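Undergrad: The sequence shown begins at 28 in our numbering and counts up by one.
Where a beta carbon is used, it is the ideal one built from N, C-alpha and C, also for glycine.
Here the structure is a predicted model, which is why all the values come from computation and not from measurement.
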Amino acid sequence: MTKCLIKKEFLLTAHPMTFVFTFFGIMLIIPNYIYYVAFFYTTLGIFFDFMNGRENRDTYFNAILPVSKREVVKAKTAFVWIIETASVVFAVPFAILSRTINPNGSNLAGIEANVAFFGLSLIMYSLFNAVFLNEFFKTAYKAGKAFVFGSIATAVFVLVAETADHMP
């Protein structure tokens, strides 16, 4: 049943910009750019999905389906993980391309697009998910408040990660 709910998320609830933001990994070829921004856009797309679901009364629709609340939460969480994983996987070739075409060979604005960056990006996604999803599923309606809290946590993490990159 969870597979059907995940399919519903992709076909009915997903905001079109989420799929566009998933491909923002191409921003890794921009020289001297804070690369975490590319992945922040993915979190913005996830926020759009939850807002779209709220506006289209997806929570009410899920409540009248013959499935448990636990399955609905699992499906929404799996949808988020799939989108985030797709954004990271799509960004990897552009990180490799960035290393070959970047004239400086390094990123003066922050961490280079390397394995450590992708690991920190996954930690950033995990932090966002922990804050955003927990806050959202308290009421299943207040997506804006949940996104603000998730964005603050993500911004603090990015600030610490970028600062640590420049420490001797």
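(1) R81 to A167, Cα distance in whole Å?
(2) Beta-carbon within less than 6 Å of V185's beta-carbon, same chain only, minus the 5 sequence neighbours each way: which residues are those?
(3) Considering only residues of the same chain and omitting the five flanking positions on each side of F164, which have a CB-CB separation below 7 Å?
(4) Nearest-angstrom Cα distance between M28 and D192?
(5) Taking Cβ to Cβ, would you say T104 is nearer than 9 Å to N156?
(6) May I ask you to report which of helix, strand or coil DSSP gives V64?
(7) What span of residues does the alpha helix (DSSP H) with S114 cover, start to end?
(8) Candidates F51, P58, G72: which alpha carbon is nearest V107's?
(9) Could you check the C-alpha separation between E98 and A122 for me, to the nearest Å?
(10) Tell me where the alpha helix (DSSP H) around F37 begins and ends.
(11) How many angstroms separate the CA atom of I91 from the CA atom of F145?
(12) According to DSSP, is G171 helix, strand or coil?
(13) Should L32 go down as buried or exposed, given a rule of 16 or more other Cβ atoms within 10 Å for buried?
(14) Using 9 Å as the threshold, is the C-beta distance between F176 and F74 below it?
(15) Between the Cα of A118 and the Cα atoms of G137, T86, E162, T69, which residue gives the shortest distance?
(16) For M44 and F77, I'd like the C-alpha separation in whole angstroms.
TA: According to the structure data:
(1) The residue given as residue 81 occupies position 54 in the sequence shown. The residue given as residue 167 occupies position 140 in the sequence shown. R81 and A167 have their C-alpha atoms spaced approximately 8 Å apart.
(2) Numbered from 1 along the sequence shown, position 158 holds the residue referred to as residue 185. Listed in chain order, the non-local C-beta contacts of V185 below 6 Å within the same chain comprise Y63, local neighbours out to five positions each way being set aside.
(3) Residue mapping note: residue 164 aligns to position 137 of the sequence shown, counting from 1. Excluding positions up to five away in sequence, the list reads V100.
(4) What you label residue 28 is simply residue 1 of the sequence shown in a count that begins at 1. What you label residue 192 is simply residue 165 of the sequence shown in a count that begins at 1. C-alpha separation (whole angstroms): 44 Å.
(5) Numbered from its first residue, the sequence shown carries residue 104 at position 77. Numbered from its first residue, the sequence shown carries residue 156 at position 129. Closer than 9 Å, so yes.
(6) Counting from 1 along the sequence shown, the entry for residue 64 is found at position 37. It is helical.
(7) Locating residue 114 in the sequence shown gives position 87, counting from the first residue. That run of the alpha helix (DSSP H) goes 96-128.
(8) As a working note, residue 107 is residue 80 in the sequence shown. Measuring from the Cα of V107, the nearest candidate turns out to be G72.
(9) Position 71 of the sequence shown, counting from 1, holds the residue named residue 98. Position 95 of the sequence shown, counting from 1, holds the residue named residue 122. Going from the Cα of E98 to the Cα of A122 covers about 36 Å.
(10) By 1-based counting over the sequence shown, the position of residue 37 is 10. No alpha helix (DSSP H) contains F37, which DSSP labels as neither H nor E.
(11) For the purposes of this step, residue 91 is taken as residue 64 along the sequence shown, with counting starting at 1. For the purposes of this step, residue 145 is taken as residue 118 along the sequence shown, with counting starting at 1. Whole-angstrom Cα-Cα distance: 40 Å.
(12) Looking up residue 171 in the sequence shown gives position 144. DSSP places G171 in helix when its eight states are reduced to three.
(13) As a first step, residue 32 must be located in the sequence shown, where it is residue number 5. The residue in question, L32, is buried, as its Cβ has 16 or more Cβ neighbours within 10 Å.
(14) Reading the sequence shown from its first residue, position 149 is the one you call residue 176. Reading the sequence shown from its first residue, position 47 is the one you call residue 74. Not closer than 9 Å, so no.
(15) Indexing the sequence shown from 1 puts residue 118 at position 91. Cα-wise, what sits closest to A118 is T69.
(16) Sequence index remark: in the sequence shown, residue 44 carries index 17 (1-based). Sequence index remark: in the sequence shown, residue 77 carries index 50 (1-based). So the two alpha carbons sit approximately 12 Å from each other.
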